[in-house]
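Data first, discussion second: the structure below is written as structure tokens.
In our numbering, the protein residues as written are 548 to 765.
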């Protein structure tokens, strides 16, 4: 992974308009998830990196996050600074491609039945800190949030959003406050409370009253 990191970063600084095959990283995470096992003797699932596989997954997330945040280190005239906020692929843009790859990797982890909740929360915090490290309101921050919510694709896997909300709700509350835009994108809006007495309100005193015709008595 070390040499992959050098290749991608050098390509960005040399303004090579290609993603440099960083989309292999979600596939690497998928392979690591498929072989993930923290049930062996002497393994503590509550450790930061309970297994070698866990450390490699974290390392993949860390590198993808670095490639996203690389945008602020590039020259002002770099083509890699021209990021569209939505989820559309920009294969010639390294930071934008890294947001999509990171979203796909997060989706793989959160949908896993092999990876424990503590490690999922840990990686959710890693990704949330990546969001925090980007300028508020910037297209790259919006692109990363979009990738997180959609799992890096235009449609998320069935059941992904509830797991995303659970993982996000488990991270440090101060960090959640620092990424309020991510919180708003993940958390469904609450319905407005009904107005008290609105259904049984009496007409105003000056409202015209319906006239009742007098009844004829026999």
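No residue lacks a Cβ here, since even glycine has one placed at the ideal position from N, Cα and C.
Listed in chain order, the non-local C-beta contacts of residue 603 below 6 angstroms within the same chain comprise 579, local neighbours out to five positions each way being set aside.
Residue 549 counts as exposed, since fewer than 16 other beta carbons sit within 10 angstroms of its beta carbon.
C-alpha of residue 597 to C-alpha of residue 611: approximately 21 angstroms in a straight line. Apart from sequence neighbours up to five positions away, the residues of its chain that approach residue 661 with a beta-carbon distance below 6 angstroms are 583, ordered along the chain. By alpha-carbon distance to residue 585, the top candidate from 720, 639, 659 is 659. In this structure, the straight-line span from the alpha carbon of residue 620 to that of residue 554 is close to 16 angstroms.
Within the model, the alpha-carbon separation for residue 573 versus residue 649 is close to 7 angstroms. Along the region 611-649, the alpha helix (DSSP H) does not occur as any fully enclosed run of 4 or more residues. The closest CA to that of residue 615, considering only 656, 665, 587, 685, is found on 685. The same chain holds no residue with a CB closer than 7 angstroms to that of residue 594 once the five nearest residues on each side in sequence are set aside. Around the beta carbon of residue 669, 16 or more other beta carbons lie within 10 angstroms, which makes this residue buried. Per DSSP, the continuous alpha helix (DSSP H) segment holding residue 693 begins and ends at 686-697. Annotation for residue 576: the continuous alpha helix (DSSP H) segment containing it runs 571-581.
Within 10 angstroms of the beta-carbon of residue 590 lie fewer than 16 other beta-carbons, which makes it exposed. Shown here, residue 553 sits in a helix according to DSSP, grouped into three states. No Cβ-Cβ contact shorter than 7 angstroms links residue 654 with residue 566.
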